[in-house]
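Since the structure comes first, as C-alpha cells, the remarks are kept for the end.
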Amino acid sequence: MAPFFIGPFIIPAGTFIIGATFIFRDFVQNFVGRRNTYLLILLAMVLSALTSYLLGDTLWIVFASIITFAVSETTDTEIYSRLKLPFHMRVAYSGIVGGILDSIIFVVVGLSPLGANILPWNAVFLAIVGQIIVKTLVQIFAAIIVKKVFFKHAKAV
46 MAPFFIGPFI
56 IPAGTFIIGA
66 TFIFRDFVQN
76 FVGRRNTYLL
86 ILLAMVLSAL
96 TSYLLGDTLW
106 IVFASIITFA
116 VSETTDTEIY
126 SRLKLPFHMR
136 VAYSGIVGGI
146 LDSIIFVVVG
156 LSPLGANILP
166 WNAVFLAIVG
176 QIIVKTLVQI
186 FAAIIVKKVF
196 FKHAKAV
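Going left to right, the sequence shown walks through residues 46 to 202 as our numbering numbers them.
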C-alpha cells in the first residue's frame, strides 16, 4: 500500500497499526505477565519477519523489521513494567517512547540509503517525523479511551 502524505510528512499505512500494537501489548502484559509477554513478542517478531519475507520484502527490510520490533517492543515492555502510574498513563508513556524508537530505527535501518535505499536522505527526516506524529497521537487517543471506557474506576493495574 502506498504511503500517505500529510503536508510534507510521509506516513506508511502500517504506521497506524504499529501504533496500536503497543497498546495491545500492554493489555496482553496485564493478563499474561511480563515473561509470557516476551515469549509472545518473540513469536510475533518471527511471524512478522516471515510474513514480510513471504510478501516479497527484501531481506534488508525483513532484517530492519526484526531489529525494530525487538528494540521498540522491549523498550515499551520495560517502561510499561517499571512505571508506577495508572494503566492509561503507562500505555501512553511506554507507547510513545516505543513508537519514537520504532519510527527512527525502521526508517534509518530499513528505508534510508543505509538500508534498502527506498527513501533518499532528504525524505528520511520527514518519514521519521510523520510516523512519530501519528504513533504519538494513536497512543494519546488510546490512553484517553482506556481511561474513560475501560478503567474508569480502576487504579494502577
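Every residue, glycine too, gets a C-beta built ideally from N, C-alpha and C.
Excluding sequence positions up to five before and after Thr60, its CB lies within less than 7 angstroms of the CB of Gln176, Val179, Lys180, all in the same chain and listed in chain order. Just measuring C-alpha positions, the residue of Ile163, Val183, Ile189, Ile185 sitting nearest Pro48 is Ile163.
By the Cβ test, the region 73 to 90 is in contact with the region 115 to 122, since at least three Cβ pairs between them sit closer than 8 angstroms. Here the region 183 to 193 makes contact with the region 122 to 138; the two share three or more CB pairs at distances below 8 angstroms. In this structure, Ile173 places its C-beta atom within 9 angstroms of the C-beta atom of Ser148. Take Ala168, set aside five residues on each side of it, and the residues of its chain with a beta-carbon closer than 7 angstroms to its own are Ile55, in chain order. For Val152, the closest C-alpha among the options Lys129, Gly140, Arg127, Ala109 is that of Ala109.
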